[in-house]
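Each remark here refers to the structure printed beneath this line.
Numbering (this note's numbering), first residue to last: 445 to 572.
Structure follows, in structure tokens:
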């Protein structure tokens with residue numbers, strides 16, 4: 445990853461933190477660090493990236509969607525996702541979806557939450 449890509453990643457993380465209302469400060473202890481990449485290490489296409497917690501099979505999403513904009517020039521995006529105050533004993537996963545401005549889904553990916561570990565999600569192109 446080149447110096448320009450590192451700068452873009454940092455700027456995207458700061459923008460995500462500001463969108464969450466936490467400013468550019470460090471993540472809270474109850475937050476999950478999430479890194480999102482595109483399949484094959486490619487550049488994440490331009491669009492709106494929505495990330496949310498999913499409670500598992502048959503359960504509704506347990507958190508609001510956190511969104512950041514992808515400018516179409518970075519290979520990764522990073523953000524901190526606040527955890528809800530609910531019990532984390534049920535299996536949970538984090539879902540990331542990339543949508544075009546007109547609402548069409550471009551890519552989707554998910555990852556299981558493992559206590560104390562950062563989450564890495566790979567987006568895969570959606571086929572219609």
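C-beta: ideal position from N, C-alpha, C; glycine also.
Predicted model, so just to flag it, every value in this text is computed and none were measured.
Proximity winner among the options, relative to residue i (alpha-carbon distances)
i           : options            : result
residue 495 : 487, 511, 485      : 511
residue 519 : 548, 484, 551, 527 : 484
residue 562 : 547, 537, 490      : 537
CB contact flag (residue i, residue j, <8 Å)
i           : j           : result
residue 480 : residue 540 : yes
residue 551 : residue 565 : no
residue 567 : residue 487 : no
residue 522 : residue 491 : no
Run of the beta strand (DSSP E) containing residue i, from where it starts to where it stops
i           : result
residue 512 : 510-514
residue 478 : 475-482
residue 567 : 563-569
Residue i - partner residues in DSSP beta bridges
i           : result
residue 520 : 481
residue 541 : 494, 552
residue 525 : 476
Chain-order list of residues whose beta-carbon lies under 7 Å from that of residue i (same chain, five-residue window excluded)
i           : result
residue 549 : 541, 543, 570
residue 471 : Note on residue 471: pLDDT 44, under 50, position unreliable in the model; no value is reported.
Contact set for residue i: own chain, Cβ-Cβ below 6 Å, skip 5 residues either direction
i           : result
residue 465 : Below a pLDDT of 50, predicted positions are generally treated as unreliable, and residue 465, at 41, falls in that range; the measurement from the model is reported next regardless. Closer than 6 Å at Cβ, skipping near neighbours: no residue.
residue 526 : 475
residue 557 : 536
residue 547 : none
residue 482 : 488, 567
Same chain, Cβ closer than 8 Å to residue i, neighbours up to 5 away in sequence not counted
i           : result
residue 509 : 494, 495, 496
residue 545 : 491, 492
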